[in-house]
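Undergrad:
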Amino acid sequence: MNGHIQNLCLMLALCSLTACQSGEPSQGIELSSNVNPQELMVTIAKTMQRCWFKNAIPAFRKYRMASEINSFVGRPRLLLVPKSNPAGLPSLVVQAEKQKRFTHLQAFGPLLSSNVGKAISTDLKNWTSGKTACASKIS
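Here it is, written out as C-alpha coordinates:
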(Lines of atoms letter the chains of each structure in order from A and count residues from 1; the text may use other names and numbers.)
(Lines give C-alpha, C1' and ligand atoms only; values in the text may rest on other atoms or scores of the structure.)
Protein backbone atom coordinates (compact mmCIF):
# COMPACT_ATOMS: atom_id res chain seq x y z
CA MET A 1 0.00 0.00 0.00
CA ASN A 2 2.78 2.41 0.90
CA GLY A 3 4.42 1.88 -2.50
CA HIS A 4 1.16 2.74 -4.26
CA ILE A 5 0.93 6.01 -2.33
CA GLN A 6 4.52 6.86 -3.27
CA ASN A 7 3.80 6.12 -6.94
CA LEU A 8 0.69 8.29 -6.82
CA CYS A 9 2.63 11.14 -5.21
CA LEU A 10 5.38 10.82 -7.82
CA MET A 11 2.88 10.95 -10.69
CA LEU A 12 1.09 13.96 -9.18
CA ALA A 13 4.39 15.75 -8.70
CA LEU A 14 5.41 14.95 -12.28
CA CYS A 15 2.10 16.28 -13.61
CA SER A 16 2.53 19.44 -11.54
CA LEU A 17 6.07 19.92 -12.79
CA THR A 18 5.02 19.47 -16.39
CA ALA A 19 2.11 21.88 -15.99
CA CYS A 20 4.23 24.56 -14.30
CA GLN A 21 7.18 24.56 -16.67
CA SER A 22 8.13 27.84 -18.21
CA GLY A 23 8.76 27.94 -21.94
CA GLU A 24 7.36 25.40 -24.36
CA PRO A 25 5.18 22.69 -22.89
CA SER A 26 6.50 19.16 -23.05
CA GLN A 27 5.15 17.35 -26.07
CA GLY A 28 4.17 13.76 -25.44
CA ILE A 29 4.51 10.81 -27.76
CA GLU A 30 1.87 8.13 -28.24
CA LEU A 31 2.60 5.00 -30.26
CA SER A 32 1.14 1.52 -30.78
CA SER A 33 2.78 -1.89 -30.99
CA ASN A 34 1.76 -5.53 -31.35
CA VAL A 35 4.38 -6.57 -28.76
CA ASN A 36 3.27 -7.12 -25.16
CA PRO A 37 4.10 -4.19 -22.82
CA GLN A 38 6.82 -5.88 -20.75
CA GLU A 39 8.62 -7.32 -23.76
CA LEU A 40 8.45 -3.95 -25.56
CA MET A 41 9.83 -2.08 -22.55
CA VAL A 42 12.67 -4.58 -22.06
CA THR A 43 13.67 -4.13 -25.70
CA ILE A 44 13.47 -0.34 -25.43
CA ALA A 45 15.46 -0.35 -22.16
CA LYS A 46 18.28 -2.43 -23.69
CA THR A 47 18.39 -0.30 -26.82
CA MET A 48 18.19 2.97 -24.84
CA GLN A 49 21.07 1.78 -22.64
CA ARG A 50 23.17 0.87 -25.68
CA CYS A 51 22.38 3.95 -27.76
CA TRP A 52 22.23 6.72 -25.19
CA PHE A 53 24.31 5.66 -22.22
CA LYS A 54 26.98 3.20 -23.42
CA ASN A 55 27.72 5.50 -26.37
CA ALA A 56 28.33 8.30 -23.83
CA ILE A 57 26.00 10.75 -25.56
CA PRO A 58 26.68 14.12 -23.87
CA ALA A 59 22.98 15.00 -23.60
CA PHE A 60 22.42 11.96 -21.35
CA ARG A 61 25.53 12.15 -19.14
CA LYS A 62 23.67 13.83 -16.29
CA TYR A 63 20.89 11.20 -16.28
CA ARG A 64 20.49 7.61 -15.31
CA MET A 65 17.79 5.19 -16.34
CA ALA A 66 15.51 3.73 -13.68
CA SER A 67 13.45 0.84 -14.91
CA GLU A 68 10.14 -0.28 -13.51
CA ILE A 69 9.58 -3.18 -15.90
CA ASN A 70 7.82 -5.46 -13.39
CA SER A 71 4.95 -3.11 -12.67
CA PHE A 72 2.13 -4.36 -10.46
CA VAL A 73 -0.35 -2.11 -12.26
CA GLY A 74 0.41 -3.52 -15.73
CA ARG A 75 2.18 -0.39 -16.95
CA PRO A 76 5.94 -1.05 -17.17
CA ARG A 77 7.96 2.11 -17.51
CA LEU A 78 11.40 3.62 -17.82
CA LEU A 79 12.41 6.85 -16.14
CA LEU A 80 15.34 9.11 -16.93
CA VAL A 81 16.24 10.76 -13.65
CA PRO A 82 19.09 13.09 -12.67
CA LYS A 83 22.23 11.20 -11.61
CA SER A 84 22.67 13.73 -8.83
CA ASN A 85 19.15 13.08 -7.50
CA PRO A 86 17.92 9.60 -8.47
CA ALA A 87 14.82 10.03 -6.29
CA GLY A 88 13.99 13.33 -8.01
CA LEU A 89 11.40 13.98 -10.66
CA PRO A 90 12.05 12.20 -13.96
CA SER A 91 12.99 14.21 -17.02
CA LEU A 92 11.57 11.53 -19.30
CA VAL A 93 8.96 8.84 -18.69
CA VAL A 94 8.37 6.04 -21.20
CA GLN A 95 5.55 3.64 -20.34
CA ALA A 96 3.53 0.93 -22.06
CA GLU A 97 0.11 -0.52 -21.36
CA LYS A 98 -2.02 -3.19 -23.00
CA GLN A 99 -5.17 -1.70 -24.55
CA LYS A 100 -7.42 -4.19 -26.33
CA ARG A 101 -5.28 -5.87 -29.01
CA PHE A 102 -2.39 -3.39 -28.99
CA THR A 103 0.23 -2.06 -26.63
CA HIS A 104 -0.08 1.69 -26.13
CA LEU A 105 3.29 3.40 -25.53
CA GLN A 106 3.49 6.90 -24.09
CA ALA A 107 6.49 9.13 -23.48
CA PHE A 108 6.44 12.50 -21.78
CA GLY A 109 8.62 14.88 -19.82
CA PRO A 110 10.77 17.98 -20.22
CA LEU A 111 13.49 16.20 -22.23
CA LEU A 112 11.09 15.97 -25.15
CA SER A 113 11.07 19.79 -25.33
CA SER A 114 14.87 19.99 -25.21
CA ASN A 115 17.33 20.09 -28.09
CA VAL A 116 17.37 16.26 -28.15
CA GLY A 117 13.58 15.89 -28.10
CA LYS A 118 13.23 15.19 -31.81
CA ALA A 119 15.96 12.53 -31.73
CA ILE A 120 14.37 10.92 -28.65
CA SER A 121 11.03 10.82 -30.49
CA THR A 122 12.67 9.32 -33.58
CA ASP A 123 14.43 6.66 -31.52
CA LEU A 124 11.26 5.73 -29.61
CA LYS A 125 9.23 5.49 -32.83
CA ASN A 126 11.89 3.28 -34.42
CA TRP A 127 12.32 1.07 -31.35
CA THR A 128 8.55 0.63 -30.94
CA SER A 129 8.34 -0.57 -34.54
CA GLY A 130 11.10 -3.15 -33.96
CA LYS A 131 14.15 -1.30 -35.29
CA THR A 132 17.22 -1.15 -33.06
CA ALA A 133 19.30 1.56 -34.73
CA CYS A 134 20.27 4.68 -32.80
CA ALA A 135 19.38 8.19 -33.95
CA SER A 136 22.43 9.83 -35.48
CA LYS A 137 21.50 13.40 -34.52
CA ILE A 138 21.87 13.17 -30.73
CA SER A 139 24.94 14.91 -29.37
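Numbering (this note's numbering), first residue to last: 89 to 227. Using N, Cα and C, we set each Cβ at its ideal position, and we do this for glycine too.
Taking the CB atoms as reference points, tell me whether Leu193 and Ala184 lie closer together than 8 angstroms.
TA: In the sequence shown, the residue the question calls residue 193 occupies position 105. In the sequence shown, the residue the question calls residue 184 occupies position 96. Cβ atoms of Leu193 and Ala184: closer than 8 angstroms.
Undergrad: Who pairs with Phe141 in a beta bridge, going by DSSP?
TA: Mapped onto the sequence shown, residue 141 falls at position 53. None, per the DSSP bridge assignment.
Undergrad: State the CB to CB distance for the pair Ile132 and Leu166, rounded to an integer number of angstroms; the pair is presumed to be in contact (CB under 8 angstroms).
TA: As a working note, residue 132 is residue 44 in the sequence shown. As a working note, residue 166 is residue 78 in the sequence shown. Contact holds; Cβ gap of about 7 angstroms.
Undergrad: Which residue marks the beginning of the alpha helix (DSSP H) containing Ile208, and which one marks its end?
TA: Position 120 of the sequence shown, counted from the first residue, corresponds to residue 208. From DSSP, the alpha helix (DSSP H) with Ile208 extends over Gly205 to Thr216.
Undergrad: Using DSSP's beta-bridge definition, name the partner residues of Thr191.
TA: Within the sequence shown, the letter at position 103 stands for residue 191. According to DSSP, Thr191 bridges with Ser121 and Lys186.
Undergrad: Can you find a CB in chain D that lies within less than 8 angstroms of the CB of Ala154?
TA: Chain labels in this structure do not include chain D; a single protein chain is all it has.
Undergrad: Where does Pro170 fall in DSSP's three states?
TA: Counting from one through the sequence shown, the residue named residue 170 turns up at place 82. Correct three-state label for Pro170: strand.
Undergrad: Of the residues Trp140, Ser179 and Thr191, which one's Cα is nearest the Cα of Ser202?
TA: Residue 202 sits at position 114 when you count from the first residue of the sequence shown. Among Trp140, Ser179 and Thr191, the Cα nearest to that of Ser202 is on Ser179.
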